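Notes follow the structure.
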Amino acid sequence: MYGLFGKMLAQPGQRDALIGHLLHAATLLREVDGCYLYVISSALDDPNGIWVNEVWRSQADHQASLTHDAIKSLITVARPLIAGFAERFEVTPLGGKGPSEIETP
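Rendered as structure tokens:
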């Protein structure tokens with residue numbers, strides 16, 4: 011398995027809009043083979059911070075997801091809302107418990 015944890019920084023005042031695009035990506039990824047977990051969280055200590063937690067069957071599956079037309083279109087639209095990236099960790103998930111679906115408010 012392959013996992014990513016990363017903190018994305020939205021342009022000032024654009025976090026909610028960027029989160030909307032990332033949550034739309036989560037909807038698209040429901041149909042992508044190899045994606046086990048894609049969770050978007052707002053940072054409590056940073057008004058522009060967004061944490062992204064992903065678990066994939068493999069790094070190749072993650073890379074392949076970036077070639078899907080709908081995902082590429084979403085990246086193009088969301089990219090101007092991104093100010094940068096703060097932290098990024100690649101990990102090997104070993105097990106645990108995760109939701110099959112996360113309801114968003």
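Counting with our numbering, you get residues 11 to 115 for the letters of the sequence shown.
Backbone N, C-alpha and C fix where the C-beta goes; we use that ideal spot for every residue, glycine too.
Keep in mind that this is a model prediction, so the values were computed, not measured.
Cβ neighbour criterion (16 or more within 10 Å) applied to residue i
i, result
"Ile29", "buried"
"Ala85", "Contrary to the premise, residue 85 reads as Ile rather than Ala in this sequence. Exposed."
"Leu54", "exposed"
"Arg67", "exposed"
"Arg89", "exposed"
"Arg98", "exposed"
"Arg40", "exposed"
Same chain only: Cβ atoms within 8 angstroms of residue i, ignoring 5 sequence neighbours per side
i, result
"Phe95", "Gly16, Lys17, Met18 and Leu19"
Other residues of its chain near residue i: CB distance less than 6 angstroms, five sequence neighbours each side excluded
i, result
"Gln69", "Tyr12"
"Pro103", "Met11, Gly13 and Val65"
"Tyr46", "Val65"
"Val101", "Gly13"
Range of the contiguous alpha helix (DSSP H) that encloses residue i
i, result
"Leu33", "Arg25 to Leu39"
Residue i, DSSP secondary structure in three states
i, result
"Ser52", "strand"
"Val5", "This structure cannot settle anything about residue 5, because the visible part of the chain is limited to 11 through 115."
Delimiting residues of the beta strand (DSSP E) encompassing residue i
i, result
"Leu14", "Tyr12 to Ala20"
"Asn58", "Neither: Asn58 is in no beta strand (DSSP E) and is coded neither H nor E."
CA-to-CA distance, residue j to residue i, given in whole angstroms
i, j, result
"Asn58", "Ile50", "13 angstroms"
"Lys82", "Thr37", "14 angstroms"
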